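K.L.:
The letter at position 220 of the sequence shown is residue 220 when you use our numbering, and the numbering goes up by one with no holes. Before anything else, here's the structure in question.
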Amino acid sequence: MEVFVKVIGSAKESLAMLLLRGEYDELLDDKTMHCAARIVELLDEYSQQLHSRSNSFPRGEYDDKTMHCPPQILVSLDDLPHHYSVVARLPDEYSQQLRYQSSLAEEESSKNTLFLMEEIAVLEESSQLALPNFLPRSAFRTILKQKLQGVAQTPFEFTRKVWNYIEGVIVRILAGHSESYPQLQTSCRRAAYNLITKMRERSYSYVEEMVQMETMADYTSNPEYMKTWHDLMKYQEPLLKILNGNSFNTQLEIPGFDRMEVLHLRVHSKKVEQAFDLKMRVTAYWKIVTLRLVDNLVLHLLVSMKNLVNEEMEAEVVKEFMLLEQSTAVANKREKLNSSINLLKESKDVLAQKGFRPIIFDQFNRIRFLLERKKSSPVIKEILIKAIA
């Protein structure tokens with residue numbers, strides 16, 4: 001048990017160094033174990049996927065006009081997992097990267113579809129018996145759900161990669177510290193697998209709830225939303241001048257978007273102002289959503305990693321260690337020993353019933369003395385013969 005406690009203690013310290021403090025002094029030459037750097041790479045990949053997948057509108061139910069009562073966009077949540085580790089500078093670095101990439105959120109979309117046509121289509125299908133010039137909230141919600149549908153799988157993929165990476169780190173650390181004790185390695189590997197499976201499922205549940213919250217409501221207290229929206233709305237007047245005038249210029253340039261052809265919007269002049277307002281609101285709000293999807297998931301994984309190293313790993317390894325399967329030879333010896341003990345207890349009870357008193361001899365001599373007595377009953381002799389057989 002002393003060896004076991006020593007192995008677990010040293011493994012916990014190594015994991016805390018790698019996963020929680022971002023240090024790798026013990027493994028300078030093994031870059032796969034430099035958790036801080038590997039985590040930054042994973043977060044960069046997550047950020048890029050989140051933005052690239054949100055730039056195109058998934059073709060939802062609004063393509064089928066028989067389904068508009070109002071449009072419902074279902075977000076499918078698959079399970080994909082991933083890896084992670086804790087570094088103090090990581091949230092700031094990722095936040096800066098995300099702010100930069102959020103400014104390009106609509107760039108790819110403008111390449112694949114005509115400017116504002118997606119918004120105009122949604123507005124037409126969200127028409128209501130109401131006063132004009134009021135932006136239908138259902139239109140905003142429809143486009144938001146479409147964008148969420150496009151990125152719904154990305155947090156699961158990131159989570160899968162994080163936990164897969166962490167599982168590899170834990171297995172290597174436990175195997176290294178228990179290398180001199182082969183009897184511990186099986187239980188350590190099994191404990192690592194069971195623990196990561198449990199933590200992964202817990203993270204999946206959190207991600208699913210996180211995506212559902214974004215789907216259910218559109219809200220933010222972040223002042224950046226209004227600031228970004230106001231900045232983008234400044235380009236509405238240049239757009240209307242192009243559409244209402246006779247200028248040879250038929251393109252509009254907005255920061256974060258490609259230079260866009262807008263001449264096709266003249267035939268949709270009644271919806272242009274609303275469509276532009278809708279697009280800019282969605283663009284401003286989507287920056288907030290992507291920040292939340294990243295920040296909340298990173299914070300959750302940080303807390304999960306801390307709990308794994310400081311609390312749950314030791315308990316899981318102890319549990320597996322206590323459940324170690326004994327070898328067949330040991331099991332047979334244990335069974336024979338238990339049978340002998342039961343037989344001796346039975347012999348003692350029978351002798352007590354017949355009135356025999358203990359004789360101060362060793363056990364073998366005592367049994368032989370009883371067998372040699374002529375008054376011993378056949379039943380007692382049979383039991384005693386079995387005991388010394």
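We put the beta carbon where it would ideally sit given N, CA and C, even for glycine. Small disclaimer: the values here were computed from a predicted structure and weren't measured.
Using the three-state DSSP reduction, which class does Q153 fall into: helix, strand or coil?
P.N.:
Counting from one through the sequence shown, the residue named residue 153 turns up at place 153. Coil, per DSSP.
K.L.:
Does the distance from the CB of L174 to the CB of A11 come in under 8 Å?
P.N.:
For the purposes of this step, residue 174 is taken as residue 174 along the sequence shown, with counting starting at 1. For the purposes of this step, residue 11 is taken as residue 11 along the sequence shown, with counting starting at 1. In contact: L174 and A11 (Cβ atoms closer than 8 Å).
K.L.:
Between which two residues does the alpha helix (DSSP H) carrying I242 extend?
P.N.:
Taking the first residue of the sequence shown as 1, we reach residue 242 at position 242. Q236 to N244 is the span of the alpha helix (DSSP H), which, as asked, contains I242.
K.L.:
Any idea which residues DSSP pairs Q251 with across the strands?
P.N.:
Taking the first residue of the sequence shown as position 1, residue 251 is located at position 251. Per DSSP, E261.
K.L.:
So is E179 buried or exposed if we call it buried at 16+ other beta carbons inside 10 Å?
P.N.:
Position 179 of the sequence shown, counting from 1, holds the residue named residue 179. Under this definition E179 is an exposed residue.
K.L.:
In three-state terms, what does DSSP make of N133?
P.N.:
Within the sequence shown, residue 133 is the residue found at index 133, counting from 1. N133: coil per DSSP, three-state reduction.
K.L.:
Just the C-alpha distance for R427 and K306, rounded to the nearest angstrom, thanks.
P.N.:
Absent from the structure is residue 427, since the part of the chain shown begins at 1 and ends at 389.
K.L.:
With a threshold of 7 Å on Cβ separation, who are the neighbours of S269 within its own chain once the five nearest residues in sequence on each side are excluded?
P.N.:
Taking the first residue of the sequence shown as 1, we reach residue 269 at position 269. If we look at S269 and ignore the five residues flanking it on each side, its Cβ neighbours are L243.
K.L.:
Contact check, R38 vs Y165 under 8 Å by CB: the rounded distance?
P.N.:
Locating residue 38 in the sequence shown gives position 38, counting from the first residue. Locating residue 165 in the sequence shown gives position 165, counting from the first residue. Yes, they are in contact, since the Cβ atoms of R38 and Y165 sit about 7 Å apart, within 8 Å.
K.L.:
Can you tell me whether V162 is buried or exposed, with buried defined as 16 or more other CB within 10 angstroms of its CB?
P.N.:
Residue 162 sits at position 162 when you count from the first residue of the sequence shown. Burial call: buried.
K.L.:
With 16 as the cutoff for other CB atoms within 10 Å, does V5 come out buried or exposed?
P.N.:
As a working note, residue 5 is residue 5 in the sequence shown. Looking at its Cβ environment, which holds fewer than 16 other Cβ atoms inside 10 Å, V5 is exposed.
K.L.:
Q183: buried (16+ other C-beta within 10 angstroms of its C-beta) or exposed?
P.N.:
In the sequence shown, the residue the question calls residue 183 occupies position 183. Classification for Q183: exposed.
K.L.:
Any chance the CB of I254 is under 7 Å from a heavy atom of the ligand SAH?
P.N.:
Among the components of this structure there are no ligands whatsoever, and the ligand SAH is therefore not found.
K.L.:
Can you tell me whether DSSP reads V5 as helix, strand or coil?
P.N.:
In the sequence shown, counting from the first residue as 1, residue 5 sits at position 5. Helix at V5.
K.L.:
With DSSP as the reference, label F115 as helix, strand or coil.
P.N.:
Counting from 1 along the sequence shown, the entry for residue 115 is found at position 115. It is coil, neither helix nor strand.
K.L.:
Output the distance between the C-alpha atoms of T220 and Y46, rounded to the nearest integer angstrom.
P.N.:
Numbered from 1 along the sequence shown, position 220 holds the residue referred to as residue 220. Numbered from 1 along the sequence shown, position 46 holds the residue referred to as residue 46. Each residue's alpha carbon lies about 22 Å from the other.
K.L.:
Taking the alpha helix (DSSP H) that S269 falls in, what are its first and last residues?
P.N.:
Working through the sequence shown from its first residue, we reach residue 269 at position 269. Note, S269: alpha helix (DSSP H), S269 to N307.
K.L.:
Could you tell me the distance, in whole angstroms, from the CA atom of P81 to the CA atom of H300?
P.N.:
For this step, residue 81 is matched to residue 81 along the sequence shown. For this step, residue 300 is matched to residue 300 along the sequence shown. At P81 the pLDDT is 34, less than 50, meaning the model places this residue with poor confidence and gives no usable figure here.
K.L.:
Which of helix, strand or coil does DSSP assign to A217?
P.N.:
Stepping through the sequence shown from its first residue, residue 217 is reached at position 217. Three-state result, A217: coil.
K.L.:
Short of 6 Å in beta carbon distance, which residues of its chain neighbour S14, apart from the five on each side in sequence? Order them along the chain.
P.N.:
Counting from one through the sequence shown, the residue named residue 14 turns up at place 14. Excluding positions up to five away in sequence, the list reads I173.
K.L.:
In this structure, does DSSP put N342 in helix, strand or coil?
P.N.:
For the purposes of this step, residue 342 is identified with residue 342 of the sequence shown, where counting begins at 1. N342 falls in the helix class under three-state DSSP.
K.L.:
Buried or exposed: L43, going by 16 or more other Cβ atoms within 10 Å of its Cβ?
P.N.:
For the purposes of this step, residue 43 is taken as residue 43 along the sequence shown, with counting starting at 1. The residue is buried, with at least 16 neighbouring Cβ atoms inside 10 Å.
K.L.:
Does the beta-carbon distance from A404 to E119 come in below 8 Å?
P.N.:
In the structure as shown, the chain begins at 1 and stops at 389. Residue 404 is therefore absent and cannot be evaluated.
K.L.:
Taking the C-alpha atoms as reference points, what is the distance between L338 and K319?
P.N.:
Here residue 338 refers to the residue found at position 338 when the sequence shown is read from its first residue. Here residue 319 refers to the residue found at position 319 when the sequence shown is read from its first residue. Per the sequence presented here, residue 338 reads as Asn, with Leu not at that position. So the two alpha carbons sit approximately 26 Å from each other.
K.L.:
Considering only C-alpha positions, which residue in the set K198, Q49, S304 and H230 is nearest to V282?
P.N.:
Locating residue 282 in the sequence shown gives position 282, counting from the first residue. Looking at the Cα atoms, H230 is the closest of the given residues.
K.L.:
Using the C-alpha atoms, what's the distance from L263 back to N296?
P.N.:
As a position in the sequence shown, residue 296 is number 296, starting the count at 1. As a position in the sequence shown, residue 263 is number 263, starting the count at 1. Rounded to whole angstroms, N296 to L263 spans 42 Å at the Cα level.
K.L.:
Rank P255, K241 and G256 by C-alpha distance to the C-alpha of N249 and give the top, closest one.
P.N.:
Against the sequence shown, residue 249 aligns to sequence position 249. It is K241 whose Cα lies nearest to the Cα of N249.
K.L.:
So, are the CB atoms of V267 and E214 less than 8 Å apart?
P.N.:
Within the sequence shown, numbered from 1, the residue matching residue 267 stands at position 267. Within the sequence shown, numbered from 1, the residue matching residue 214 stands at position 214. Against a cut-off of 8 Å, the Cβ pair of E214 and V267 comes out as no contact.
K.L.:
Given this structure, state the Cα-to-Cα distance separating Y181 from S340, to the nearest angstrom.
P.N.:
Working through the sequence shown from its first residue, we reach residue 181 at position 181. Working through the sequence shown from its first residue, we reach residue 340 at position 340. The straight-line gap from Cα to Cα measures roughly 33 Å.
K.L.:
Take P128 and list the residues in its own chain whose beta-carbon comes closer than 7 Å to its own, dropping the five residues that flank it on each side.
P.N.:
As a first step, residue 128 is located in the sequence shown; it is residue number 128 there, counting from the start. For clarity, residue 128 is Gln in the given sequence; the question names Pro instead. Here the set comprises P136.
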